[in-house]
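A short write-up of the structure that comes next.
Protein chains in written order, with the working numbering: chain A, 1 to 806; chain B, 807 to 970.
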């Protein structure tokens with residue numbers, strides 16, 4: 001037996017488990033250009049696919065001439081809806097219970113819609129062929145405004161749904177209507193609003209944006225006709241779900257389909273959906289018998305794959321004169337584009353938007369959401385967000401500020417007054433959620449104290465006076481936001497996608513020499529799973545994180561899971577990892593007891609070993625136990641040391657945080673300069689603070705982009721006005737602010753290690769902090785609310801409207 | 807389409823190949839030479855994921871025909887480490903300071919920073935931010951990238967002083 005040279009503390013440190021700022025194992029390959037992204041793949045005989053896309057927002061397809069393209073040397077095939085029809089693949093089911101045209105069937109419904117798929121020897125030839133295909137269109141009037149879409153005489157968008165008065169989520173009340181979803185107590189809310197001392201009402205629009213990961217979507221499909229096996233590599237945030245969907249759509253048995261997500265260059269929700277490019281590549285590979293690659297370019301990515309938001313939210317708050325909220329009513333007009341391809345759990349057509357009572361103790365609430373079709377791209381994904389939480393958080397955080405203005409109270413004070421108190425947890429919200437844990441007042445006070453909020457307000461007053469005296473042309477804005485997220489979907493009783501329960505999984509194998517491999521049903525897109533899941537396991541089973549390989553994304557080897565989005569990896573797969581680790585430890589304990597010739601109960605766990613209670617010099621390390629598992633297990637026990645856990649969480653987790661943004665607005669140019677941004681996050685137990693901070697920096701930067709300039713803008717004809725990075729706003733290092741991060745720690749009571757997830761919090765809380773700050777700069781000049789994005793032009797227009805410009 | 811004879815040096819090695827004159831340098835590197843470190847992130851030369859070093863300047867290889875690189879010297883992320891495999895201080899610093907997440911922008915970002923530190927061996931934070939403004943990152947918010955470049959500069963300067 002080897003002597004314990006190091007103390008328990010040293011051994012614990014060597015594990016690099018929970019709480020360690022462990023450097024990422026992924027970085028060696030990425031810093032040397034050795035990542036393996038989808039477009040890096042090359043298979044023998046591989047062909048390239050490319051799309052002919054609609055230039056119209058709404059048009060009838062009269063004819064498609066493909067002869068000239070087919071005559072071009074190097075072109076192997078051109079697919080249209082007519083070719084897919086016999087296979088019944090010209091339409092595909094969406095995640096939201098609707099159908100979407102794989103290739104336009106008689107009509108195009110949005111600019112950029114897939115009309116024909118060209119397959120050629122290389123991408124240049126494919127692009128040439130796209131130019132040679134002649135499509136004759138008959139233009140129809142386009143609708144890009146969801147309000148106009150619901151007008152009685154609005155043009156019919158979805159001919160395929162003619163006469164259908166029932167959709168996947170209940171009754172359709174208009175030919176362009178998808179669903180009405182409602183939650184809460186309509187009567188109690190109506191009463192409270194009627195009898196309110198103070199009533200505020202505001203239309204809050206969260207514009208259409210796009211996740212725009214730096215890598216676009218793509219795949220390589222390869223049909224092995226000899227063995228009947230289909231392999232698809234691609235940018236999939238949910239590889240197992242893709243396999244099941246591919247099997248259901250194609251009729252190929254699921255065991256003969258292998259889906260692999262290689263390295264993914266950012267996802268942010270963009271890579272959750274199933275896109276026509278995947279289906280067409282698969283069909284082309286089946287037809288041609290060789291691998292087919294399809295990778296969209298940036299313009300295609302922005303116009304055709306998975307937008308986010310486009311929520312038009314009307315809010316009403318009833319409050320007392322001293323600022324206590326009595327009721328909240330919200331109606332949302334949700335623009336879903338041409339097909340309802342939202343990625344939400346089945347029972348939640350508006351996702352978790354019903355978290356829109358936010359962090360506040362609101363006794364009565366009622367929410368209705370109307371989903372409608374327009375001539376815009378389908379999608380409605382959770383862009384760095386858990387199913388519409390960003391919309392909900394933006395809505396309530398703006399409404400709180402509007403209420404504060406109306407009452408002439410400080411926005412921080414209105415929050416303080418209405419925040420859910422610590423003793424109210426677990427808290428049951430008026431719209432049906434059970435918040436697991438929180439200490440909101442402590443977080444808010446810490447944030448306000450750190451930024452010296454009182455001094456900031458005094459400075460703002462002084463600046464405003466200087467402005468009035470004509471000494472400066474700048475106004476100072478202070479934005480406070482307090483958000484509560486709902487992540488970790490989710491309990492199977494509530495959450496499924498296409499009937500697949502939203503559990504997740506981890507399978508662990510311990511090798512004889514005491515190292516391990518863990519495989520999960522999730523897939524990293526930059527979050528560093530290979531680093532952090534090994535840390536969870538290191539703390540559970542006492543094997544150093546450095547000796548644990550984490551593998552994800554190959555459906556042939558990984559256990560079934562629902563994938564990575566909605567901040568669900570840590571809350572669900574992280575929990576599965578801990579639980580599988582505990583199974584390993586339970587078996588290890590029996591082996592250790594046998595080796596030490598004591599009863600199981602006489603052993604206690606210490607960092608990386610089981611030792612005999614009262615005789616700590618008698619122990620077996622996990623490495624020793626691992627070896628014994630392969631040659632010296634107790635009689636009757638199976639050899640080996642493996643475990644698998646499928647974790648169905650009992651509840652969601654509810655990360656929260658308090659953010660403060662301080663900025664200066666130049667009224668003559670509309671230029672906004674963020675001077676300070678402070679972000680306090682409470683994500684429960686912190687697995688790797690370095691990675692958490694990185695996630696917060698990134699999420700805040702995305703929030704900054706959304707609040708300050710990002711929008712997928714359409715003109716009245718359905719043309720996308722900003723479909724490239726030339727004018728779709730992604731901030732550079734120059735305008736991106738410096739981020740200050742902080743935290744409190746309130747573990748989740750139901751998660752095995754108390755972790756709540758953090759990746760999306762900064763986007764959820766960040767957008768409203770920026771927007772509140774911009775609105776706040778003008779608050780004393782009569783402004784209640786102005787819509788995002790707060791780009792220079794809009795900010796200048798606001799200043800002009802208020803008579804502040806020269 | 808007829809092909810032309812291309813001769814250039816890539817990561818110190820002579821390359822002699824045939825390519826269509828219209829072929830972009832990024833596709834030549836990625837598809838003909840299998841140097842898949844540099845990536846394509848946009849079509850409009852805004853994102854910088856395709857950044858390589860060409861004749862001592864940072865260029866976006868999606869905005870250049872391989873024909874224009876005739877006779878020139880190209881360095882990609884694959885050529886940044888020393889010949890013996892020792893990583894460049896920038897590669898070390900990006901890992902040390904968590905300057906990357908999904909890794910897609912990283913090759914272009916490091917190759918740009920490699921040139922920046924030769925143009926300005928001791929840049930301030932503001933100079934770094936301006937210096938990498940042609941390279942977009944969607945994950946990190948740049949803060950740790952700036953930190954990593956600053957740290958690499960310090961390390962390189964210390965090493966230089968020690969050698970002098």
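Cβ atoms here follow ideal geometry from the backbone N, Cα and C, with glycine treated the same way.
Test: residue i CB closer than 8 Å to a CB of chain A
i, result
"residue 942 of chain B", "yes"
"residue 849 of chain B", "yes"
"residue 948 of chain B", "yes"
"residue 958 of chain B", "no"
"residue 884 of chain B", "yes"
Proximity below 8 Å, CB of residue i to CB of residue j
i, j, result
"residue 844 of chain B", "residue 883 of chain B", "yes"
"residue 485 of chain A", "residue 519 of chain A", "no"
"residue 363 of chain A", "residue 269 of chain A", "no"
"residue 911 of chain B", "residue 526 of chain A", "no"
"residue 498 of chain A", "residue 947 of chain B", "no"
"residue 118 of chain A", "residue 69 of chain A", "yes"
"residue 94 of chain A", "residue 341 of chain A", "yes"
"residue 680 of chain A", "residue 850 of chain B", "no"
"residue 141 of chain A", "residue 240 of chain A", "no"
"residue 232 of chain A", "residue 274 of chain A", "no"
"residue 751 of chain A", "residue 571 of chain A", "yes"
"residue 136 of chain A", "residue 63 of chain A", "yes"
"residue 371 of chain A", "residue 178 of chain A", "yes"
Residues near residue i in its chain [Cβ-Cβ closer than 7 Å; skip 5 each side]
i, result
"residue 950 of chain B", "903, 904 and 905"
"residue 39 of chain A", "218 and 295"
"residue 544 of chain A", "14, 15, 16 and 538"
"residue 707 of chain A", "767, 770, 771, 788, 789 and 790"
"residue 45 of chain A", "290 and 291"
"residue 1 of chain A", "Interpretation of residue 1 of chain A is limited by its pLDDT of 49, a score under 50 that renders its predicted location unreliable; the figure taken from the coordinates is listed afterwards. So the list is empty, once near-sequence residues are dropped."
"residue 823 of chain B", "812 and 838"
Residue i in three-state terms, based on DSSP
i, result
"residue 848 of chain B", "coil"
"residue 476 of chain A", "strand"
"residue 233 of chain A", "strand"
"residue 615 of chain A", "strand"
"residue 153 of chain A", "coil"
"residue 1 of chain A", "With a pLDDT of 49 at residue 1 of chain A, under the threshold of 50, the modelled position of that residue is not reliable, and no figure is offered here."
"residue 38 of chain A", "helix"
"residue 489 of chain A", "coil"
"residue 590 of chain A", "helix"
"residue 363 of chain A", "coil"
"residue 280 of chain A", "helix"
"residue 811 of chain B", "strand"
Chain B contact for residue i (CB, 8 Å cutoff)
i, result
"residue 233 of chain A", "no"
"residue 690 of chain A", "yes"
"residue 30 of chain A", "yes"
"residue 89 of chain A", "no"
"residue 213 of chain A", "yes"
"residue 525 of chain A", "yes"
"residue 738 of chain A", "yes"
"residue 361 of chain A", "no"
"residue 37 of chain A", "yes"
Cβ neighbours of residue i in the same chain (closer than 6 Å, five flanking residues each side left out)
i, result
"residue 356 of chain A", "330, 392, 395 and 396"
"residue 723 of chain A", "299, 302 and 303"
"residue 899 of chain B", "954, 957 and 958"
Beta-bridge partners of residue i, as assigned by DSSP
i, result
"residue 505 of chain A", "A:646"
"residue 881 of chain B", "B:859"
"residue 293 of chain A", "A:48 and A:220"
"residue 93 of chain A", "A:99"
"residue 182 of chain A", "A:368"
Neighbour flag for residue i against chain C, beta carbons, 8 Å
i, result
"residue 50 of chain A", "Here chain C cannot be found, since the structure's protein chains are A and B."
Cβ neighbours of residue i in the same chain (closer than 8 Å, five flanking residues each side left out)
i, result
"residue 629 of chain A", "510, 512, 587, 588, 591, 639, 640 and 641"
"residue 457 of chain A", "410 and 478"
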